[in-house]
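**Q**
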Amino acid sequence: MSDTLASSSVADYNLVSRPSEKGVAHALSLFAVWLTIAISALVFMEPAPVDLLTMGLMVLLPVVGLTRLDPKLLFGFSIWLIIFALGIVSAAVSRDAPTATVHMFVSLYLYGACFLFASFVAKNPEAHTKLILNGYLVASVGAACIGIAGYLDLFPGAFDHFTRYGRATSTFKDPNVFGPFLVCGLLTSLHLWLSKPLRAGLVLILPATLIMLGIFFSFSRGAWAAATLACSIYGFLYLVTAKKNNQRVKLIALFLLAAFVAVLSIMVALQSDKIAQMLEERAVLAQSYDTGVDGRFGGQNKAIEILIDNPLGIGALTFFRFYHPENVHNIYLNMFLSTTWLGGLLYLIVCLGTLVFGFQHALKSRKTQPLFLIVYSALAANIALGVIIDTDHWRHYYLLMGVVWGLMASDRMAPMEARRTSRILSPQLNVASIEGLSLTDTHHRGRILNRLSQPILSVPTMCRGRIVRRLQRRAKRLIVKHVTASHR
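Going letter by letter, the sequence shown gives residues 1 to 488 in the numbering used here.
(1) By the three-class DSSP mapping on this structure, what secondary structure does T368 have?
(2) Which first and last residues belong to the alpha helix (DSSP H) in which N245 is found?
(3) Have a look at the DSSP bridge pairing and note the partners of A168.
(4) Given that a residue counts as buried once 16 or more other Cβ atoms are within 10 Å of its Cβ, and exposed if not, what is A380?
(5) Give the straight-line distance between the Cα atoms of V177 and R473, rounded to the nearest whole angstrom.
(6) For P197, count neighbouring C-beta atoms within 10 Å of its own C-beta (all shown protein chains included) and say buried if the count is 16 or more, exposed if not.
(7) Please state if the CB of T391 and the CB of L385 are separated by a distance shorter than 8 Å.
(8) Just to confirm, is the Cβ distance from Y151 to S377 under 8 Å?
(9) Quick one: using the 10 Å Cβ neighbour count with 16 as the cut-off for buried, is Y398 buried or exposed?
(10) On the DSSP letters alone, give me the boundaries of the alpha helix (DSSP H) that N334 sits inside.
(11) State the CB to CB distance for the pair T209 and V284, rounded to an integer number of angstroms; the pair is presumed to be in contact (CB under 8 Å).
(12) Quick one, are the C-beta atoms of G222 and I389 less than 8 Å apart?
(13) Assess, as a yes-or-no matter, whether the stretch 102 to 115 is touched by the stretch 137 to 153 under the definition of 3 or more beta carbon pairs within less than 8 Å.
(14) For T391, which three-state DSSP category applies?
(15) Quick check on the burial criterion: 16 or more other C-beta atoms within 10 angstroms. Buried or exposed for V375?
(16) From A139 to I82, what distance separates their C-alpha atoms?
(17) According to DSSP, is G235 helix, strand or coil?
(18) Our contact map puts G315 next to A25 with C-beta atoms below 8 Å; I'd like the distance itself, whole angstroms only.
(19) Can you have a look at A308 and say buried or exposed, based on whether 16 or more other CB atoms are within 10 angstroms of its CB?
(20) Got a sec? Which residues, its chain only, sit under 7 Å from A227 by beta carbon, not counting five neighbours each side?
(21) Assuming V403 and F219 make a contact with CB atoms under 8 Å, what is their CB distance in whole Å?
(22) Within 10 angstroms of the Cβ of R296, are there 16 or more other Cβ atoms? Answer buried if so, exposed if not.
(23) Give the straight-line distance between the Cα atoms of R420 and K123, rounded to the nearest whole angstrom.
(24) For the alpha helix (DSSP H) containing Y151, name the first residue and the last one.
(25) Measuring CB atoms only, is the stretch 337 to 357 touching the stretch 311 to 326, in the sense that at least three cross pairs come out at less than 8 Å?
(26) Of all the options L213, L69, I266 and A200, which has the alpha carbon lying nearest to the alpha carbon of A168?
(27) If contact is defined by three or more beta carbon pairs under 8 Å, each pair taking one atom from either stretch, is the stretch 50 to 66 in contact with the stretch 26 to 41?
(28) Just the C-alpha distance for S119 and M335, rounded to the nearest angstrom, thanks.
(29) Three-state secondary structure (DSSP) at K72?
(30) Here's the rule: buried if 16 or more other CB atoms are within 10 angstroms of the residue's CB, otherwise exposed. What is R477?
(31) DSSP three-state label for L66, please.
(32) Is there at least one Cβ from chain D nearer than 8 Å to V375's Cβ?
(33) Answer with buried or exposed for I349, where buried requires no fewer than 16 other C-beta atoms within 10 angstroms of its C-beta.
(34) In angstroms with no decimal places, state the Cα-to-Cα distance between T129 and L66.
(35) Where does I39 fall in DSSP's three states?
(36) For Y238 and L373, which I take to be in contact (beta-carbon distance under 8 Å), what is that distance rounded to the nearest angstrom?
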């Protein structure tokens, strides 16, 4: 009787809030998030449809209650705000202040989007991350199909609308953005394959192959490098964190099969003289526009000289307008030029900090660990890509960073809350602890649980963490007291 009473009284008080009934507004909000991600590849106009939907989500999600303001996320967003403010300072001294200022306000929108998706993921990490990745996979497959159709000119006008410089751009303006965008979709398809039985996962060969062809037809050396790097990071972390050897064997088999499919697809594609010629041209490490005083590397050397003489920077978009024929093609140099020395340093700290803390987090066993490996690997590849490309206004870059931040913030609190809940409220755990101390008398065990449950029921949620040890000590004292009394 005492056991039953104790168990029921403890079970009635749950520190983890039970999910409430999902209303229409909740469901529509989640669909709006999915739709925003699913159409995120449609960026051939400014503002893009994804921008309008994202700005709507900035109002909708907090109102519906689908965000969580975690202190870690607020700290990260405050750094973005400081970088924005420093960018405005740099714009004030720019030779084209209006253009530089507009650029920084666009950056502010992207910083806000990063924080929005981070707080959205932090609210319900597993479900919301799956929602985002599912939408991202749809966007990746759709963009890859359009890019392939455009490059192969599968319908009238396809080549003119969906290629640039003879390279697939799909619905993007630049093949160097289109290719890296697909990397996260490729990892997502590989993850889905790994999470299913081998035969059931064979159906995922098609989306993975389409995405790989999209990356290939972009003929972006940066995209090829990013895809290789992301798959390498993902494979390494998966092998290290896998709990069973058969999972490691499956990953190796999958990578070998993917490599075989990729080589086979390239061999078939090389039967076309046009593709073979483009591949031969793009496979060269240094292009003609990379070298020379006016080339990419010459521009980076010039940017270093300029930023040394200008601690406040020269303002965003000023370099290629007044100092060089094209952009810096290095996001880190670009941020020093656009947001002062301090702003560039903060941006570098944000990127390196995300990589370091993210790597540490990836090695910890979490329920969302498989999902984290996807977004972290894709983000790490995009961060590395910033050495040769300006990535400061890539929408998917801030989306990935937001998801990584949200998972790190939420997963660090979830195990702590679970431990506290299990210590205080789980009757099974308490019974096991009592049995471990050789208390076999059911009557005494029930009385102890019943007495322990009474003060626990009145503990405020905010105070539960402080009294866990005190309750454990009290439990031991009660056990000793009842055991002593039973032997007299």
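No residue lacks a Cβ here, since even glycine has one placed at the ideal position from N, Cα and C.
**A** Short version:
(1) coil
(2) N245 to A269
(3) T163
(4) buried
(5) Their backbone Cα atoms lie some 59 Å apart in a straight line.
(6) exposed
(7) yes
(8) no
(9) buried
(10) I331 to A362
(11) Contact flag wrong, Cβ pair sits at about 26 Å.
(12) yes
(13) no
(14) coil
(15) buried
(16) 32 Å
(17) helix
(18) At roughly 43 Å, the Cβ-Cβ gap does not stay under 8 Å, so G315 and A25 are not in contact.
(19) This sequence places Ile at residue 308; Ala is not what is there. Counting Cβ neighbours within 10 Å, I308 comes out exposed, since fewer than 16 surround it.
(20) Excluding residues within five positions, the ones whose Cβ falls inside 7 Å are V183, L186 and I215.
(21) The C-beta distance from V403 to F219 rounds to 28 Å, too long to fall under 8 Å, and the pair is not in contact.
(22) Under the 10 Å beta carbon count, R296 is surrounded by 16 or more other beta carbons and is classified as buried.
(23) Low confidence applies to R420: its pLDDT is 44, below 50, so where it sits in the model is not reliable, and the reading given next is rough at best. Cα to Cα, the separation comes out at about 19 Å.
(24) Start and end: P125 to L152.
(25) yes
(26) L213
(27) yes
(28) 25 Å
(29) helix
(30) exposed
(31) coil
(32) Note that chain D does not occur in the displayed structure, where there is just one protein chain.
(33) I349 sits exposed, since fewer than 16 C-beta atoms from the chains shown fall within 10 Å of its C-beta.
(34) 13 Å
(35) coil
(36) Under the criterion of beta carbons closer than 8 Å, Y238 and L373 qualify as touching, at roughly 6 Å.
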